Amino acid sequence: MQLLGVIEGFYGRPWTAFQRSRLLGWMQGWGMNTYLYAPKDDLYHRARWREAYPEAERLSLGELVEAAQQRGVDFVYALAPGLDLNWQDEADRAALLEKVDSVVALGVRDFALLFDDIPNQADRAAQAAEQVDITHTLRRHLRAQGIDGLLLFCPTEYCGEMAQPSVAESPYLRGVARLDSGTEVLWTGPLIVSPQISAESVREVAQVLGRKPLIWDNLHVSDYTIHRLHLGPYGGRPLELRGEVSGILSNPNTPFEPNFAGLHSLADYAAGDVEWNAEESGERALKAWLPEFGPGAELSDLHLLADTLFLPHRLGPRAEALLRAAEQLALDSGQADALAQLQAGRAAYHRLLSALEKGSNRELLFDLHPYLVDLNEELTRLIRDAAADNTASARPYRGGLADKLLELGRGRELS
């Protein structure tokens, strides 16, 4: 596995220069070597990809490129022209190359073309052929300038569930296989957000593509919900996967600071020996992260928070236990043990919030504040309900369409 790193590839507010500097420091310390710059809502990356960056943004991007180089991290600039690229228009093709040249001028030597999250054409093989052609055009253009760095390609069918009719029989993926052998193909696994990625599933797509895929890992991504962050360890990927892929790049939470634990665990996985396991990796990550919370925060509190904001498809064990206690208390307000568990959980969340409010990492406070406040308020409501305290002041304010829509789904199974 040659490539290990991070994709800034989510929807929503891109990270700031300060946050990216923090990220590069983490990456250097953890042995990560690749940063893929692809924020969906960088206006000049996707929606207005033809346009050069305004001067201030161009200078900022150049500083980021230089910072990555100083940290020993390969900076890969991604362009996402697929929404409206006119394949038959030579002016559009020239605009793409001109845009790339403007980024080359900043010192970038590694690039990616992304064709994810765009409409499928009826002729899937033809769509692949167009994308392969423009990718080869870009490769030739760069090589003519003496540039032969990384070239990454994100397909429109970028996971197993998107492959039609299947991974093995997809005309589109067979077309993508015509990319020159030096081009890395990104792949998110069986699903867009894959709870597991098996070595067998990766070997299947590798056979079709004629190369090992580069994993674009959405395990910790959070841009599809404002209700969740993902602080759990890197898992659901066996150690043998490392030998079946060209690398792993994590596309993590949109809020920056909460990504410490997941990225730490990914780096730990990449370096792990045969006895590595996700639970112990998560423990190491939380111990390393705890000082950021400030005096007063306890490791046991952070264990509960990480289990609460765990991974997309499940809660961690401590949060599961807290949920069971809440369910018991809702059925029988006289359950003293369940009440004590809820009170202890509320105290843990409150200690973390209090420590953050007094601590120096304000960005971490701002990122976690809404979740900690919400957890405190809901546990307070449950505790007061058990005591038959029905005063209006005892209840957190809720309202608006989003909460009313959530109520419609109360009967669905928690996921």
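Going by UniProt numbering, the sequence shown opens with residue 1, and the numbers climb by one from there. Glycine included, each C-beta is placed from N, C-alpha and C at the ideal position. Given the structure is predicted, the values throughout are model-derived calculations rather than measurements.
Give the single residue among Ile134, Leu79, Gly334 and Lys358 whose Cα lies nearest to the Cα of Gly9.
Comparing Cα positions, the closest option is Leu79.
Within the continuous beta strand (DSSP E) that includes Leu214, where are the two ends?
In the DSSP assignment, Leu214 falls within the beta strand (DSSP E) that extends over Leu214 to Asp217.
Closest to Asp273 by C-alpha separation, out of Leu323, Glu240, Ala355 and Leu23, would be which residue?
Nearest C-alpha to Asp273: Glu240.
Between the C-alpha atoms of Gly72 and Ala388, what's the straight-line distance to the nearest angstrom?
Going by the C-alpha atoms only, they are around 60 Å apart.
Measure from the alpha carbon of Glu357 to the alpha carbon of each residue in Ala297, Val176, Gln328 and Gly107, then state which is nearest.
Selected option, being the one with the closest Cα: Ala297.
Identify every run of the beta strand (DSSP E) within the segment 20-57, keeping only runs that are complete inside it and at least 3 residues long; order them along the chain.
Entirely contained in the segment 20-57, the beta strand (DSSP E) runs reaching 3 residues are, in chain order, 34-37.
Could you give the residue range of the alpha helix (DSSP H) that holds Glu204?
Glu204: member of the alpha helix (DSSP H) spanning Ala199 to Leu209, first to last residue.
Start and end of the beta strand (DSSP E) containing Glu161?
The continuous stretches of beta strand (DSSP E) do not include Glu161, and DSSP gives it neither H nor E.
Give the secondary structure of Asp74 by DSSP, where H, G and I count as helix, E and B as strand, and everything else as coil.
Correct three-state label for Asp74: strand.
Selected residue, minimal CA-CA separation from Leu114, among Thr135, Arg362 and Leu309
For the residues Thr135, Arg362 and Leu309, the minimum Cα distance to Leu114 belongs to Thr135.
Exposed or buried, Leu299, counting other C-beta atoms within 10 Å across all chains shown (16 or more means buried)?
Leu299 should be labelled exposed.
Would you kindly report the start and end of the unbroken beta strand (DSSP E) that includes Ala112?
Start and end: Asp110 to Leu114.
May I have the straight-line CA-CA distance separating Leu106 from Ala95, to the nearest angstrom?
One C-alpha to the other measures close to 17 Å.
Contacting residues, own chain, Cβ-Cβ under 6 Å from Ser415 (five flanking each side not counted)
Bear in mind that a pLDDT of 43 at Ser415, under 50, signals an unreliable position, so the number given afterwards is only what the model happens to contain. In its chain, beyond the 5 residues on either side, no residue has a beta carbon closer than 6 Å to the beta carbon of Ser415.
Are Arg139 and Leu151 close, meaning C-beta to C-beta below 7 Å?
For Arg139 and Leu151, yes; Cβs fall inside 7 Å.
Could you tell me the boundaries of the beta strand (DSSP E) in which Glu363 lies?
Taken as a continuous stretch (DSSP letters only), Glu363 belongs to no beta strand (DSSP E), being part of the alpha helix (DSSP H) at Arg362 to Ala386.
Own chain, CB closer than 6 Å to Pro295, minus 5 neighbours either side, in chain order
Annotation for Pro295: no residue places its beta carbon closer than 6 Å to its own, counting only its chain and skipping 5 residues before and after.
From the DSSP output, read off the bridge partner residues of Glu8.
Note: Glu8 sits in a beta bridge opposite Tyr37.
Taking 7 Å as the cut-off, decide whether the C-beta atoms of Ser265 and Pro291 are in contact.
For Ser265 and Pro291, no; Cβs fall outside 7 Å.
Hey, could you find the ends of the alpha helix (DSSP H) Ser250 is sitting in?
Following the DSSP letters along the chain, one finds Ser250 in no alpha helix (DSSP H) but inside the beta strand (DSSP E) bounded by residues Gly247 to Ser250.
For the alpha helix (DSSP H) containing Val100, name the first residue and the last one.
According to the DSSP assignment, Val100 belongs to the alpha helix (DSSP H) that extends over Glu90 to Val104.
Assigned exposure category for Ala128 - 16 Cβ within 10 Å defines buried:
With 16 or more other Cβ atoms within 10 Å, it is buried.
Look up Gln2 in the DSSP assignment and say whether it is helix, strand or coil.
Gln2 carries a coil assignment under DSSP once its states are collapsed to helix, strand and coil.
Backbone CA spacing between Leu365 and Phe293 [nearest angstrom]
Using only the alpha carbons, I get a separation of about 8 Å.
Whose C-beta lies closer than 7 Å to the C-beta of Val103 among residues of the same chain, with five residues either side of it excluded?
If the five residues before and after Val103 are omitted, its C-beta is found closer than 7 Å to the C-beta atoms of Tyr77, all from its own chain and listed in chain order.
Counting beta carbon pairs with one atom in the segment 303-315 and one in the segment 53-64, are three or more of them shorter than 8 Å?
No, the segment 53-64 is not in contact with the segment 303-315.
Between the Cα of His45 and the Cα atoms of Phe111, Phe18, Thr34 and Leu3, which residue gives the shortest distance?
Per the Cα distances, Phe111.
Three or more C-beta pairs below 8 Å linking the segment 343-353 and the segment 249-259
Contact check between the segment 343-353 and the segment 249-259: fewer than three CB pairs, one atom from each, fall below 8 Å, which does not count as touching.
The alpha helix (DSSP H) that contains Leu331, what's its start and end?
Pro317 to Leu331 is the span of the alpha helix (DSSP H), which, as asked, contains Leu331.
Roughly how many angstroms separate the alpha carbons of Lys99 and Arg50, rounded to a whole number?
Within the model, the alpha-carbon separation for Lys99 versus Arg50 is close to 6 Å.
Would you kindly check if the distance between the Cβ of Leu375 and the Cβ of Asp301 is under 7 Å?
Not a contact, by the Cβ cut-off of 7 Å.
Of the residues Cys159, His227 and Ala68, which one's Cα is nearest the Cα of Val6?
The residue with the shortest Cα to Cα distance from Val6 is Ala68.
Which residues in the same chain have their Cβ closer than 7 Å to the Cβ of Ala163, if we skip the five residues on either side of it in sequence?
Leaving aside the five residues that flank Ala163 on each side, the residues in its chain whose CB is nearer than 7 Å to its CB run, in chain order, Glu157, Ser170 and Leu173.
Do the CB positions of Lys212 and Ser250 come within less than 7 Å of each other?
One thing to note: Lys212 has its Cβ no nearer than 7 Å to the Cβ of Ser250.
For Glu57 and Trp15, what's the separation of their Cα atoms in angstroms?
One C-alpha to the other measures close to 13 Å.
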